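Chemist:
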Amino acid sequence: MTIKETMLRHFHFAVLVVYSLVIVAHSQDQSGFISLDCGLPENSSYTEPTTEINYISDAAYINSGLSKSISPQYKNNIQQQGINLRSFPDGIRNCYTVNTKKGTKYLIRATFLYGNYDAKNEMPEFDIHLGANFWDTVKIEGASIPASTEVIHFPLRNYVRVCLVNTGSGTPFISALELRPLKNTTYVVEFGSLALVNRVDVGSTTNRLYRYPADVFDRTWGYYGDEKWTALTTSLTVDQSSHIDFQPPPAIMSTAATPINASAPLEFELESKIASIGFYLYLHFAELQQLKPNESRAFDVKENGRNLYKHVVPDYLTSNTIYSTAPITGELNYTISISKAENSTLPPILNAVEVYRLVDLSLPETDQDDVGAMMNIKSTYGVKRNWDGDPCLPVNYTWAGLNCSFDDSNPPRITSLNLSSSGLTGEISTYISDLTMLESLDLSNNTLTGPVPSSLSQLSNLRVLNLGRNKLTGSVPEGLTERSKDGSLSLSVEENQDLCESSPCRKKKTNIVVPIAASLGGLVILLAIAAALLLGLKNKKKQGVNVNADTNFGNDSFESKKRQFTYSEVVKITNNFERILGKGGFGTVYHGFIDDIQVAVKMLSSSSVQGFQQFQAEVKLLMRVYHGNLTSLVGYCNEGTNLALIYEYMANGSLDSHLSGNIGAKLLSWEGRLQIALDAAQGLEYLHSGCKPPIVHRDVKTANILLTENFQAKLADFGLSKFFPTDGGSHVSTMAAGTPGYLDPEYYLTSRLIEKSDVYSFGVVLLELITGRPPISRLHENERIHISQWAGFMLANGDVKSIVDPKLQGDFEINSVWKAVEIAMACVASTATRRPNMSQVVIELKECLASEIARKNQSRVTDSTDSYEMLSLSVTTELSPLAR
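Here the sequence shown stands for residues -27 to -1, 1 to 857, where the numbers follow mature numbering (1 follows the signal peptide of the UniProt record, and there is no 0).
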């Protein structure tokens, strides 16, 4: 029997069953605990007698579901929070919203005891989501058998949403929902969250189950034994003083397993249905015997024969934890072996084990301004729809009456709101105007009163507005009527007897329908200044430019009238927009010619709010800086609503197209990849160190690295770039922006932007150049893996060649590859303080390139088996962390 099967059976009982649970008399600090008894009557609370945990009703955290109680015959030997439950017969998705302390890591546990509460004796199966992400499938195996699922998660907001989803296999329900704050220094992963597989006391002599107050974090501990093992025990207390990190319960650490045969190893197995699932392993040790001078205990830990950790020496009556800093993955079956080290006189010991699997819970939630607006609208009108959880995600569970836009670079946005025939009363809520990306709004067939708010005129993307069949009064705001007359807005206000279309009110027309182009004059001026200043700066000194210098914006700034193009000239340049190079949130990029020189023409879509903002940011940067590894501006067009920026043409397109294997893309050699990496690094180095104040790109990715005819690389798309303040600040606080997979996780968590946020993104790009893999790969329907994790897994076997793009067919200098990998892994370190700056990266990449060029020049092939040392899986102890 595997450790997974045995431990799982006991884990089910560890949460609710009383008779074998160990009780510790003294109570612990429950500060930060959130303990919800689901189905408990509103405003009720109690202290559970066996654990001394304080539970409250869940009624304040959810607006749906029915309170139920398990059948009487199942109430014996059950902790009190298992008696009640909340059932969800209505709606596909029902969600709890629980406030959390931002910046705190939590253990989140959901518990389920069916107890035949509905007298059907039918075991349901349903899904549980955390926010917009799939967490687990809950499968009830018996009326008296509790089920539990647990995850260690770092919430990105000051709340979490736990949602139960009906998948058609029975009515979802829940007995208890518990959140426990953990130390942020424990259970650290660079990407994703940790779902519990097993947590057990392997040296138990009583087969008791433990949780709070024995465990200060209320982790649940089962037990596990093996017929080949025997127990060591002590009556003394392990960890007399508070332990610094993991704090396994002293009651568990006071017993340990050791092999009966002193020469044999301690072994247990892990099983996985999918080889790509990553496991995190935490092993807890404490020496329980006072060793004699001639005695020693040391042991090695291996996974399928591969070294995880060598020469572990447990401390007397002090717990030590060793754990993998990268997931164990790649196989279906694992044997974990703890064997006596060379020169050790005593066999190995093991006190406790925790096993987790890596889960991806990083799917971005809907834009928070949109979420806030929708919650206010729901509250204002008392909407009775099943509006629970994230409004847009998962895609299959978008709120009724909403449509959303989705792209890879930004959170989902709400683009359509239909509240027709919803029984709305009162005035039109101004919160609706906070949905700034709305394209369609239908409030018809309600009993809304009062005026039409002028704030609706500010919704620049709005194309359809239906206010018909209400009781609105006053006049329609002028901004709406003008857009209606120009045809950019389809406006319907029929059957509002006291509403008129003009101000002051004249005789009302019942239908107003027409579209208008919003004025973009401010941007026109900005673009003219940008092009002029850029051309004026182009021949100035490139390094150390002061981006805050005052600038003369007079007519003398223009190099030549030829640089300002009319719309008809743009049509001619692009041959009537014949060839599209790409599309984005800003609009479309076309190929063109100015005389015999090829150019790229970026046309701004008049309907793009995102594009407008990014155009402004890009202009602010390009009017101030110039460098050979940044794309440069050639000219501009400013004619009515036709706005364009004209750039130098990059003949070989984006780096992304070459790495992804698009048709016609060229296979990049190792030397070529290093040169591209060096070019991009030099562009970033200039932004970070050559500009005053520094500039952070914020969207470094292979799609934004463009290649000239000679494959010189240049950074492009500065729409998200940020200037640093001149007051000596170390960071800029700003809402995290960027592209999933490239976005610095520390910046994402803290909203503190620094230059090393770009360093992380560049590290991902460098890994793509090395491996040929995308930033995030899908393992199966609900599991994804980041390129840095995958590289770490492969490097654990000590073979760097296994991660190099197979299309290179081994044509590279092995030391050059090793150095590049080391640079990339340093750049994607989880904390910014451990990352190099771009000046360091440039120096290291130059050495990599020189090594590869030397190999080619000398026609020398290095035997890769002699060029590197074997790597073991990176494992760390609490007391002495290893360098990465």
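C-beta atoms are modelled at their ideal positions from N, C-alpha and C, and glycine is treated no differently. Remember, predicted model here, so these are calculated numbers, not experimental data.
1. I need the DSSP call for A676, collapsed to helix, strand or coil.
2. What three-state label does DSSP hand D31 in the structure shown?
3. Under three-state DSSP, which class holds D334?
4. Whole angstroms are fine: how far does the CA of K112 sit from the CA of I125?
5. Counting only the same chain and skipping the five closest in sequence on each side, list residues whose C-beta sits under 6 Å from that of N615.
6. Determine the contact status of A204 and T179, defining contact as a CB-CB distance below 8 Å.
7. Quick check on DSSP: helix, strand or coil for F696?
8. In terms of alpha-carbon separation, which member of F252, R536 and V326 lies closest to Y196?
9. Exposed or buried, what is P337 when buried is set at 16 or more other beta-carbons lying within 10 Å of its beta-carbon?
10. What runs of the beta strand (DSSP E), each 3 residues or longer, lie entirely inside the region 286 to 361?
11. Which two residues bound the contiguous beta strand (DSSP E) that contains residue 861?
12. With the cut-off set at 8 Å, would you say D100 and A168 are in Cβ contact?
13. Going by CA-CA distance only, name the one from T604, L603, K575 and I619 that's closest to I567.
14. Please state whether the Cβ-Cβ distance between G76 and M96 is less than 8 Å.
15. Please work out which residues of its chain come closer than 7 Å, Cβ to Cβ, to T561, disregarding the five sequence neighbours upstream and downstream, and give them in chain order.
16. Would DSSP call C800 helix, strand or coil?
17. If distances are taken between C-alpha atoms only, which option among S17, G176, K156 and C664 comes closest to L80?
18. Which of helix, strand or coil does DSSP assign to A168?
19. Once DSSP output is grouped into helix, strand and coil, what is the label at Q54?
20. Residues in the same chain with beta-carbon distance under 8 Å from N602, minus the five sequence neighbours each way, listed in chain order, please.
21. Give the straight-line distance between the Cα atoms of E151 and Y733, rounded to the nearest whole angstrom.
22. Which stretch, first to last residue, makes up the alpha helix (DSSP H) that contains residue 860?
23. What are the start and end residues of the beta strand (DSSP E) that includes L116?
24. Tell me the DSSP bridge mates of M576?
25. Can you have a look at S394 and say buried or exposed, based on whether 16 or more other CB atoms are within 10 angstroms of its CB?
26. According to the neighbour-count rule (16 or more other Cβ atoms, all chains shown, within 10 Å of its Cβ), is H631 buried or exposed?
27. How about R270 and I225: do their beta carbons lie closer than 8 Å?
28. So who's on the other strand from C11, going by DSSP bridges?
29. Label N830 either buried or exposed according to how many other C-beta atoms from any shown protein chain fall within 10 Å of its C-beta, with 16 as the threshold for buried.
30. Would the beta-carbon of R358 fall within 8 Å of that of G374?
31. Taking buried to mean at least 16 other C-beta atoms within 10 Å of its own C-beta, is D2 buried or exposed?
32. Helix or strand or just coil, what does DSSP make of F107?
33. What three-state label does DSSP hand H257 in the structure shown?
34. Between T675, T388, P367 and F691, which has its C-alpha nearest G626's C-alpha?
35. Do V211 and S227 have their C-beta atoms closer together than 8 Å?
36. Please state the DSSP three-state secondary structure of residue 859.
Modeler: According to the structure data:
1. helix
2. coil
3. Strictly speaking, residue 334 in this sequence is Leu, with Asp absent from that position. Coil at L334, not helix or strand.
4. 20 Å
5. Y540
6. no
7. strand
8. V326
9. buried
10. 293 to 297, 306 to 313 and 325 to 332
11. Since the first and last residues shown for the chain are -27 and 857, residue 861 lies out of range.
12. no
13. I619
14. no
15. I553 and M576
16. helix
17. K156
18. strand
19. helix
20. D652, A653, Q655, G656, Y659, Q685, A686, K687 and L688
21. 34 Å
22. In this structure the chain extends from -27 to 857, so residue 860 is not present and cannot be described.
23. As written in the sequence, residue 116 is Ala, which differs from the Leu given in the question. Counting along the chain, A116 falls outside any beta strand (DSSP E), and DSSP gives it neither H nor E.
24. T561 and A617
25. exposed
26. buried
27. no
28. Paired residues: none, contrary to the question.
29. exposed
30. yes
31. exposed
32. strand
33. strand
34. T675
35. yes
36. Outside the modelled stretch of the chain, which goes from -27 to 857, sits residue 859, for which no answer is possible.
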